[in-house]
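Novice:
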Amino acid sequence: MARPRLGIGELGEVAYTQLGHRKVRARARYRDATGTTRQIEATGTSQSAAKRALEQRLKERGAGAGNTITSTTLVRDLLAVWLVDVEQSGRRRPQTLARYKAVAENIVVPGLGGVELWEATTDRLHTFLGKEAATRPGQAKHARVVLLGAFSLAVQRGAVAVNPVTGARLPAGEKAEPRALTIEEVHRLRAGVRAYVSDPDQVGHPRPKDLPAIIDVMLGTGARIGEVLALRWSDIDLGATPVRITINGTVVQLAGGVMRQGVPKTSSSFRVVTVPGFVADALLARSVEEWPNDGDLVFPSSTGTLRWTNNVQRQWRAARASKHLDGLDWVNLHALRKTVATLVERSSTVHDAAALLGHSSPAITGRVYVERASVAPDVSAALEALGG
């Protein structure tokens with residue numbers, strides 16, 4: 077009777093031969109990626125050691141079961157293969173890959189890791205995502221992205237016919253409308269943060285003196301906080317009239333620590349911004365009191381290194397909770413981008429706002445960043461024609 081045909085990457089029955097004292101050979105057939113059946117062997121001090129060596133050799137040849145995805149593959153194993161595929165492809169930036177790994181390890185594997193692919197129905201995935209969204213909506217969104225990518229690979233490898241994640245939707249949550257500061261509130265905020273940093277804390281410690289300049293640059297450019305902290309003096313043309321800033325990087329945190337990434341968040345985020353006078357003044361003042369650092373950074377840490385965004389976020393939370401910013405405690409740093417987007421959209425166009433903020437689509441700017449006007453524009457003159 078003919079032996080059953082091996083699947084691609086499948087290892088056949090292993091035969092063992094005792095070669096001497098504490099030396100065993102393991103030999104088996106396997107079917108490589110081209111469909112060709114080949115022999116493979118390895119040795120070890122015991123049968124189990126020889127088999128492990130055989131499986132490792134198979135993996136090194138790129139044809140092992142670790143790379144094979146079938147309908148009975150566990151979700152945790154699919155994720156492992158997918159993450160390797162994403163990393164080797166270079167399609168994602170290091171911080172994105174790190175986030176995928178964290179989401180897979182901390183959210184998806186605990187909830188679905190032991191499920192076989194054929195068991196991962198749309199209904200089961202929908203239920204899982206719904207439970208996550210009830211307590212961690214942001215993490216549920218990331219989990220869906222990871223699952224969608226992993227099951228796309230499963231479809232590509234022929235393990236499942238359709239991607240079950242496509243129909244597994246997150247529950248619609250309440251969407252907060254963008255809220256922007258008024259001009260008067262911006263003036264109060266700028267004055268308040270200057271008063272705050274001039275006032276030592278309760279134990280006499282000084283406040284971060286460059287916080288007002290950081291806020292001014294964000295207000296005058298619409299830049300993200302990571303982009304502002306990545307600014308170098310070589311990116312700023314202080315001699316130009318008016319002053320221009322080239323936004324060409326951002327600050328990211330990886331396993332090895334904080335680093336400056338030489339490209340902004342997206343390709344659309346690379347831009348040259350002409351800044352208003354109050355930003356030019358803040359940068360000129362900053363250049364005089366520049367803190368020495370090897371990275372040519374405009375806003376380094378107190379030790380002259382890259383500054384992580386979380387540190388500035390913490391400093392800003394303390395500032396907005398102070399008496400100097402009374403009534404503005406709702407203003408997080410992202411609200412400054414929304415304020416810039418709203419002002420530019422109302423005085424110019426949403427396309428100009430999108431270009432300034434570094435968005436790939438004006439639709440994103442209009443939907444997420446621009447505060448909706450509560451008063452309709454005065455078009456009464458045009459409507460008068462309807463009255464005859």
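Counted the way my numbering counts, the sequence shown spans residues 77 to 464. Each residue gets a CB set at the ideal place from its N, CA and C atoms; glycine is no exception. Just so you know, these numbers come straight off a predicted model, no measurement behind them.
Just to check my reading of the structure: Leu-359 and Val-319 have Cβ atoms closer than 8 angstroms, yes? What is that Cβ distance to the nearest angstrom?
Specialist: The sequence position of residue 359 within the sequence shown is 283, counting from 1. The sequence position of residue 319 within the sequence shown is 243, counting from 1. With a Cβ gap of about 7 angstroms, Leu-359 and Val-319 count as contacting.
Novice: Got a sec, what are the start and stop residues for the beta strand (DSSP E) Ile-321 sits in?
Specialist: Your numbering for residue 321 matches position 245 in the sequence shown. Its beta strand (DSSP E) spans residues 320-323.
Novice: Compare the Cα-Cα distances from Leu-409 to each of Thr-379, Gln-389, Ser-398 and report the closest residue.
Specialist: Within the sequence shown, residue 409 is the residue found at index 333, counting from 1. That would be Gln-389, whose Cα lies nearest to the Cα of Leu-409.
Novice: Residues bridged to Thr-93 by DSSP?
Specialist: Along the sequence shown, one-based indexing puts residue 93 at 17. Partner(s): Arg-101.
Novice: Once you ignore the five residues that flank Val-179 on each side, which residues in its own chain have a CB closer than 6 angstroms to its CB?
Specialist: The residue given as residue 179 occupies position 103 in the sequence shown. Excluding residues within five positions, the ones whose Cβ falls inside 6 angstroms are His-218, Ala-219, Val-222.
Novice: Under the three-state reduction of DSSP, which class applies to Arg-167: helix, strand or coil?
Specialist: As a working note, residue 167 is residue 91 in the sequence shown. Arg-167 falls in the coil class under three-state DSSP.
Novice: Can you give the Cα-Cα distance for Arg-468 and Gly-96, rounded to whole angstroms?
Specialist: Summary: the structure shown does not reach residue 468, with the chain confined to residues 77 through 464, and so no result is reported for it.
Novice: Which residue comes first and which comes last in the alpha helix (DSSP H) that contains Gly-189?
Specialist: Counting from 1 along the sequence shown, the entry for residue 189 is found at position 113. No alpha helix (DSSP H) holds Gly-189; DSSP gives it neither H nor E.
Novice: Would Gly-85 pass as a contact of Thr-144 if the rule is Cβ separation under 9 angstroms?
Specialist: In the sequence shown, the residue the question calls residue 85 occupies position 9. In the sequence shown, the residue the question calls residue 144 occupies position 68. Taking 9 angstroms as the Cβ cut-off, Gly-85 and Thr-144 qualify as a contacting pair.
Novice: Which stretch, first to last residue, makes up the beta strand (DSSP E) that contains Arg-81?
Specialist: Position 5 of the sequence shown, counting from 1, holds the residue named residue 81. Counting along the chain, no beta strand (DSSP E) covers Arg-81, and no H or E run does either.
Novice: Tell me the DSSP secondary structure of Glu-365 in three-state form.
Specialist: In the sequence shown, the residue the question calls residue 365 occupies position 289. In the structure shown, Glu-365 sits in coil (DSSP, three-state: anything other than H, G, I, E or B).
Novice: Please report how far the alpha carbon of Leu-134 lies from the alpha carbon of Ala-230, in whole angstroms.
Specialist: As a working mapping, residue 134 is identified with position 58 in the sequence shown. As a working mapping, residue 230 is identified with position 154 in the sequence shown. Each residue's alpha carbon lies about 21 angstroms from the other.
Novice: Residue range of the alpha helix (DSSP H) that Val-220 falls in?
Specialist: As a first step, residue 220 is located in the sequence shown; it is residue number 144 there, counting from the start. Going by the sequence as given, residue 220 is Arg instead of Val. Note, Arg-220: alpha helix (DSSP H), 213-232.
Novice: Quick one, are the C-beta atoms of Gly-434 and Glu-303 less than 9 angstroms apart?
Specialist: Along the sequence shown, one-based indexing puts residue 434 at 358. Along the sequence shown, one-based indexing puts residue 303 at 227. In this structure, Glu-303 lies closer than 9 angstroms to Gly-434 by Cβ.
Novice: Considering Thr-465, what are the terminal residues of the beta strand (DSSP E) in which it resides?
Specialist: In this structure the chain extends from 77 to 464, so residue 465 is not present and cannot be described.
Novice: If we ignore side chains and look at the alpha-carbon of each, how far apart do Arg-103 and Gln-123 end up?
Specialist: The count along the sequence shown starts at 1 and reaches residue 103 at position 27. The count along the sequence shown starts at 1 and reaches residue 123 at position 47. Going from the Cα of Arg-103 to the Cα of Gln-123 covers about 11 angstroms.
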